[in-house]
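Just so you know, the sequences run in chain order A and C. Using this note's numbering, the letters of the first sequence map in sequence onto residues 1 to 111. Using this note's numbering, the letters of the second sequence map in sequence onto residues 112 to 1007. Okay, structure first, notes after.
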Amino acid sequence: MNEDRSEFLKGTLDMLILKVVALGPIHGYAIAQRIRQISKDFFQLQQGSLYPALHRLEDRGWLRADWKESGTGRDAKFYSLTAKGRKQLESEMRTWGKLADAVALILRTAE
Amino acid sequence: MHWLRRWFHKSRAEKQLDSELQFHFEQQVADNIDAGMPPDEARRRARIEFGGLDQVKEECHEAQRGYFVETLVQDIRYGLRILRKSPAFTAAAVVTLALGIGANTAIFSMVDTLMIRPLPVRNPHELTFLSFPRDASHFDPGFSDPEFRQVRDQTRGVFSDVSAMILGGLGGLSGPTGRSDGLTVDAITRPAQTLFVTGDFFQMLGIRPYLGRFILPSEGNAPGGDPVVVLSYRYWKRRFHEDPGIINKAAFINGRPVTIVGIAPKDFLGPTPIVEMEAYLPLGVMTVETGGNAAFLTDAGSRDMLIVARLAPGVSIERANAALAPLGQQLIKQYPRPGVGTALQAKPLRPPGLVDGPNPLPALAGLFLTLSGLVLALACLNVANLSLVRAAGRRREMAVRAALGGSRARLVRHLLSETILVALFGAAAGMVAGTLALRALSSAVTVTELPLVFEFPFNARVFLYALSIAVLAAAIVGIVPALRASTGNLSDILHEGGRSSTSRSQRTRTALVAAQVGGSLALLIVAGLFVRSMRSAQDSDLGFDPRNVLNVTLDPGEIGYTQTQGVEFYSQILTRVRALPGVQSASLATAVPLDNFPSEEIAIPGYVAQRGELLRADYDAVSPDYFKTMKIAVLRGRDFLGSDTESSPRVALINEAMAERFWHGADPIGRNFKRNGDAQHAIEIIGVVRNSRTEDPYSPYGPAFYVPVAQSYTPAQTLQIRTAGLPQMIAPEVLAVLRGLAPSAPVLGVRTMSDVVTNGPDGLLIFNLGAELTAALGFLGLTLAVVGIYGVMAYAVGQRTQEIGVRIALGAQRTSILWMISRQGLAIVGLGLALGLLIAIGVGRLVGEFLVGIGPTDPLTYVTVSVLLSIIALAACYVPAHRAMRVDPMVALRHE
């Protein structure tokens, strides 16, 4: 059961990352911060989950990475969405929407 | 260069990941400071939250595709490096495994050739041969020509092709000669093993000739017509050195003109896997053997034809048998056969071919595969022991690696990859060694009169087999040490200091070596059983005396002598040879015991055969003095005389077994019987001789009779000469006599009778081979066991050097040290002996049916082998123990 949940969460995590990156080029730390802020501290990403996910997404061709100046004097790796990535995001959001509707239906009528 | 760039990229990717994570860390620290923490606190907090850096990096790495392959390559490179660092271990392990895998590869090659490899023809699984069943394991595969024609005409629905063949040297009506025919080309005559086939034989096989053409379906129907010959590739290579000019060359078979029209494909030996057919001729040309007599084509009584048929497409063998059943009944009614059922059957023509009687090959194959499996087990045990010792030495390294974050799976994979590399090297070396050993074996087999092809080529199946047992060996050897090494508790191991052997691992090693001793004992016992069996077969009472007898096989028929000429020829030879100095007696015989002894159907007036009972007896056509030359006692009546000729009444001598079986102790002299080869004449019994071996040295005596060669002439006969001294010495003079009489007559063989008994294929050849093979395996096993014992003992002494030094310094006697160390050795040997005896008894059951004269639990063999092995094993223990005794305490105590 834990396996399923972590797989499920992994998939959801991918989607959230893609969504955040869709808004513009952004580096890893900032992604973690933004997700934490927007979800009101619900999703607190550790780098142990974040970076493997980022590398996986990059490896699959959904994210593109460039090294740019970060403004802190140190270069950082900025990620941006590729066209493939955009399509993937849209598909996953559709699936998520259907899933949410289905769950809601059951919860409502199964009372 | 590509891999170089990838490696470069890889380290660059790692550097980038480092940077990325470093950046993340510093941002975290910055945020902590902004939130109000003092800088030190900020860093500390960030570090805690950051967690295991290496683990993160590892997981990032894992997330990428190609991770598995990358790590596999890494593991292999790492494994190679480690193996190179300890060359002694690698060499020992590879050689040991090579021995085990090589033995198995060799045995499997033999099994593959004899039993598995299909005939090199089109769709070999569709080929069948026909026979009438006699009882559960015997059958009668011979048919007459009228029967063959009926079968062919009435089975068109189930068989697409039906052809027949007769093995050359069987001579049809003139009786089996067991000799091959002579092929004369350019005035040189050499024997050739012939096969006479119907015209559609090659068409049925669906193969293409290497050169020239095959026999056509239209050829061979008329007796004596279409005298064409197809040679086998090997015979063509051996005798004519692949000369393409041989095609359409004029030649002679037994003096009759033929034309060579084609060469069969390279790997085609004929319908059986080991015996090579050297010349194929149309059936009608068999008149070259019968002297023009074509009765074999019409006579319903001569059943020398073997029928091979190809199933029609889509027809199963069951359906064919259903169609054959009514045909079989019809045939039996028309042409009765005594003692045979009516269910005509088709059986698959698979290797080993048409073997009448219970097939010994599966049992033999099973036995030798088991024995070589045992050798492999011993080799694995040896390598496992070596690995354990080595793994024990590396436990600290492993424990530290595990603590630093290497996953357990990765660690196990590391160790396994080393083992697999060793196993693969061992497999490669083993395949080479096994193939070479087989080649040596093939060339060592004595040439017999039948052209046996003892070649066991290395093919894909053998390669796969070798590979799979290599993997199996790797698994057996590698799993336990790898699992053990990867579960060490770090602090325990680091505190152990230099000594890293626990009593548990020591006991495992002892058990392993004891198992080796046991396995080795079992192998040696089996070898011992075979050797004793061979002795016993050699010493078994043959009924004749093979010593000091020379056999010279001649065949004037090969140069076209008629019967009259042949009789004169032989008579002259006998006279002249008898006059030579040193010759005690000389005689002629058509068949020599233990060398293709023929048998024939007989009819006894007043005797009715039971169902399944064979009215058949071994027989021989001999000249007067045969029994004197072979020293077979004539118990009653008289020997043949010069007066028993072609025109006088037919006479015969029978052996005790025949007298007992058919006349039950009543005096058979004066009675008569008939034999199939001479059905017109009644044969009167004029004497009884002692039983003597005919087909092999150990089967129980069966009925046998002897007729005068003057009344049953065949061109091929063996001149047998009993000499006062060594029989070989007389050979040159005999050959000189021959050349004086008929310079062009070929000599088919010159052999001593003792040699026939010891090395003939019907003699002790199988026993010899069996004894040699098992002895080789036994010796391998012994070597492995001795190495194992020595290794364990030496290691144990090395481990306990400190302890020994302390004891000696504290005043212990040297001899008590010796005893202390030896105790372990004795335990190994004792345990091993017990285990070995159990295994031997188990394996003995497989061996039982091949033994002659002794049982599989022969006490003498068991005791002798056990004692010998114990002595050797104890010697192997003693050497290191002796060294322990001589330990200098000052040196030992300083040794870490």
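Note that CB positions come from ideal geometry on N, CA and C, so glycine has one too. Note that this is a predicted model, so its numbers are computed, not measured.
| query | result |
| --- | --- |
| How many Å lie between Tyr-446/C and Ala-411/C at the Cα? | 7 Å |
| If you compare alpha carbons, which of Leu-846/C, Pro-838/C, Arg-772/C, Ser-823/C is closest to Tyr-812/C? | Arg-772/C |
| Across the region 338-348 of chain C and the region 368-386 of chain C, are there enough close Cβ pairs to call them in contact, namely three or more that are closer than 8 Å? | yes |
| For Tyr-79/A, go through chain C and note every residue whose CB falls closer than 8 Å to its CB, in chain order. | Within 8 Å Cβ-Cβ: nothing; Tyr-79/A doesn't reach chain C, min ~10 Å. |
| So, Val-908/C versus Ile-939/C, is the Cβ gap smaller than 9 Å? | no |
| How would you call Tyr-79/A, buried or exposed, if buried means at least 16 neighbouring beta carbons within 10 angstroms? | buried |
| Where does Arg-524/C fall in DSSP's three states? | helix |
| Using a Cβ-Cβ distance cut-off of 9 Å, determine whether Thr-82/A contacts chain C. | no |
| Starting from Tyr-817/C, follow its DSSP beta bridges and name the residues at the other end. | Asp-731/C, Leu-764/C |
| Quick check on DSSP: helix, strand or coil for Asp-778/C? | coil |
| Is the region 476-485 of chain C touching the region 202-210 of chain C, taking contact as three or more C-beta pairs under 8 Å? | no |
| Mind checking if Asp-114/A is an interface residue toward chain C, Cβ cutoff 9 Å exclusive? | Residue 114/A is absent from the model: chain A starts at 1 and stops at 111. |
| Look at the alpha carbon of Ala-32/A and the alpha carbon of Gln-185/C, and state the distance between them as a whole number of angstroms. | 33 Å |
| Check whether the region 208-215 of chain C touches the region 487-497 of chain C, counting contact only when three or more Cβ pairs, one atom from each stretch, lie closer than 8 Å. | yes |
| Between the region 36-51 of chain A and chain C, which residues of the former have a C-beta closer than 8 Å to a C-beta of the latter? | Gln-46, Gln-47, Gly-48, Tyr-51 |
| With a threshold of 9 Å between beta-carbons, can Ser-220/C be considered close to chain E, or not? | No chain E is part of this structure, whose protein chains are labelled A and C. |
| Can you name the residues of chain A whose CB is closer than 7 Å to the CB of Cys-171/C? | Tyr-51, Pro-52, His-55 |
| Asn-496/C: buried (16+ other C-beta within 10 angstroms of its C-beta) or exposed? | buried |
| Can you name the start and end residues of the alpha helix (DSSP H) that Phe-312/C belongs to? | 312-316 |
| Name the two residues that bound the continuous beta strand (DSSP E) containing Thr-201/C. | Taken as a continuous stretch (DSSP letters only), Thr-201/C belongs to no beta strand (DSSP E), being part of the alpha helix (DSSP H) at 198-222. |
| Would Lys-91/A count as contacting chain C if we go by Cβ distances under 9 Å? | Inspection of the sequence shows that residue 91/A is occupied by Ser rather than by Lys. Not one chain C Cβ lies under 9 Å of Ser-91/A. |
| By the three-class DSSP mapping on this structure, what secondary structure does Asn-2/A have? | For Asn-2/A, the pLDDT reaches just 48, beneath the cut-off of 50, and the residue's location in the model is therefore unreliable, although a value from the coordinates is still provided. Helix, per DSSP. |
| Going by DSSP, name the residue or residues bridged to Ala-625/C. | Bridge partners of Ala-625/C: none, in fact. |
| Answer yes or no: do Leu-948/C and Tyr-973/C have a C-beta to C-beta separation smaller than 9 Å? | yes |
| Indicate whether Gly-395/C and Ala-406/C have their beta-carbon atoms separated by less than 9 Å. | no |
| Measuring only the C-alpha atoms, how far is Gln-935/C from Thr-621/C? | 8 Å |
| Bridge partners for Ala-76/A per DSSP, in chain order? | Lys-68/A |
| Which runs of the alpha helix (DSSP H) at least 4 residues long sit entirely within the region 832-881 of chain C? Give them in chain order. | 842-852, 864-870 |
| Helix, strand or coil for Gln-924/C per DSSP? | coil |
| Could you confirm whether any beta carbon from chain C is found closer than 9 Å to the beta carbon of Ala-32/A? | yes |
| At a cut of 8 Å, does the region 706-720 of chain C reach the region 743-753 of chain C through at least three beta carbon pairs? | no |
| Could you tell me the alpha carbon to alpha carbon distance between Gln-265/C and Glu-258/C, rounded to whole angstroms? | 11 Å |
| So, helix, strand or coil for Gly-966/C, using DSSP? | coil |
| Within the continuous beta strand (DSSP E) that includes Pro-459/C, where are the two ends? | 456-459 |
| Using 9 Å as the limit for Cβ to Cβ distance, is Thr-12/A near chain C? | no |
| Starting from Val-167/C, find everything on chain A with Cβ-Cβ shorter than 7 Å and list it in chain order. | Gln-47, Gly-48, Tyr-51 |
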